[in-house]
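First to last, the protein sequences are chains H and B. Counting with our numbering, you get residues 4 to 135 for the letters of the first sequence. Counting with our numbering, you get residues 6 to 66 for the letters of the second sequence. Where a beta carbon is used, it is the ideal one built from N, C-alpha and C, also for glycine. Owing to the predicted nature of the structure, the values given are computational and were not obtained by experimental measurement.
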Amino acid sequence: MSASKTPISAWLPIVALAWLVPGGGHFMLKRTTRAALLFGCCLLALLAGLMMRGAMFSPQTGDLFTTLIYCGGFVANLCSGIFYLLTVWMGYAQPDVAGHVHDYGTKFLVAAGLMNLLAVVDAFEIATGRKS
Amino acid sequence: MPKMTLSHMEASLLFALLASVVLGIVTKRSDRERMLYGAYCFVCFIGALFGLGWLMYLGHR
Numbered sequence: 004m005s006a007s008k009t010p011i012s013a014w015l016p017i018v019a020l021a022w023l024v025p026g027g028g029h030f031m032l033k034r035t036t037r038a039a040l041l042f043g044c045c046l047l048a049l050l051a052g053l054m055m056r057g058a059m060f061s062p063q064t065g066d067l068f069t070t071l072i073y074c075g076g077f078v079a080n081l082c083s084g085i086f087y088l089l090t091v092w093m094g095y096a097q098p099d100v101a102g103h104v105h106d107y108g109t110k111f112l113v114a115a116g117l118m119n120l121l122a123v124v125d126a127f128e129i130a131t132g133r134k135s
Numbered sequence: 006m007p008k009m010t011l012s013h014m015e016a017s018l019l020f021a022l023l024a025s026v027v028l029g030i031v032t033k034r035s036d037r038e039r040m041l042y043g044a045y046c047f048v049c050f051i052g053a054l055f056g057l058g059w060l061m062y063l064g065h066r
């Protein structure tokens, strides 16, 4: 069945869960090993970013470069799902300070979201029958 | 939350490992292909890390 013929109710809950909990979509589709690996990778990247005191992006506009960096970074952070929400709810607010370790941390936080974005797309493709 | 300080090398290796696992999982269709592609991505990351490292070193001599 192609993606356009798959009813939205068949893949939307899976995509929503995949975003909210990294690996959750794969778990719902009974791909438990892949789900565990995706969850572990996203969690490790996020924890590494937090322990290196990386900064979370908040949307800012200005010139094109600033808009791209801050809005793109915010969207990437948001892709971490529940990890991002928990981090914000628990009051993590690291300012963007100079230093290579903080900078690596910021990149790890963004990478955790982008890895989950890949997992969401993969879960969508499995749910719509494009992949197994 | 404990604080962690990684060197550039350690941070790059950790990133390469995590990204390779995810890329292997989401791009291929069989478990064997996933493992091979994950290993291939990891080797490419490490190759780029050392290649660019040497390039910067030689460029600054």
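| Should the stretch 71–81 of chain H be regarded as contacting the stretch 9–16 of chain B, the criterion being three or more beta carbon pairs within less than 8 Å? | no
| task | Compare the beta carbon distance of residue 44 of chain H and residue 54 of chain B with 7 Å and say whether it is the shorter of the two. | result | no
| query | What are the residues of the stretch 17–50 of chain B that lie near chain H, defined by any Cβ-Cβ distance shorter than 8 Å? | reply | 19, 20, 23, 24, 26, 27, 28, 30, 31, 34
| request: Assess, as a yes-or-no matter, whether the stretch 100–120 of chain H is touched by the stretch 64–73 of chain H under the definition of 3 or more beta carbon pairs within less than 8 Å. | output: Look at the beta carbons and you see the stretch 64–73 of chain H not touching the stretch 100–120 of chain H: under three pairs across the two are nearer than 8 Å.
| task | Report the three-state DSSP secondary structure of residue 73 of chain H (helix, strand or coil). | result | helix
| Residues of chain B with CB under 8 Å from residue 134 of chain H, in chain order? | 34
| request: Note down the Cα distance separating residue 61 of chain B from residue 38 of chain B, rounded to an integer number of angstroms. | output: If I take the Cα positions, the gap works out to 34 Å.
| request: Determine the direct distance from the alpha carbon of residue 21 of chain H to that of residue 34 of chain B, and round the result to whole angstroms. | output: Going by the C-alpha atoms only, they are around 19 Å apart.
| the ligand ZN heavy atoms versus the CB of residue 46 of chain H: any closer than 6 Å? | Annotation note on the ligand ZN: not contained in the displayed structure, which lists no ligands.
| Close beta carbons around residue 50 of chain B, own chain, < 6 Å, minus the five adjacent residues each side | 21
| field | Inter-residue Cα distance where the pair is residue 133 of chain H and residue 58 of chain B | value | 40 Å
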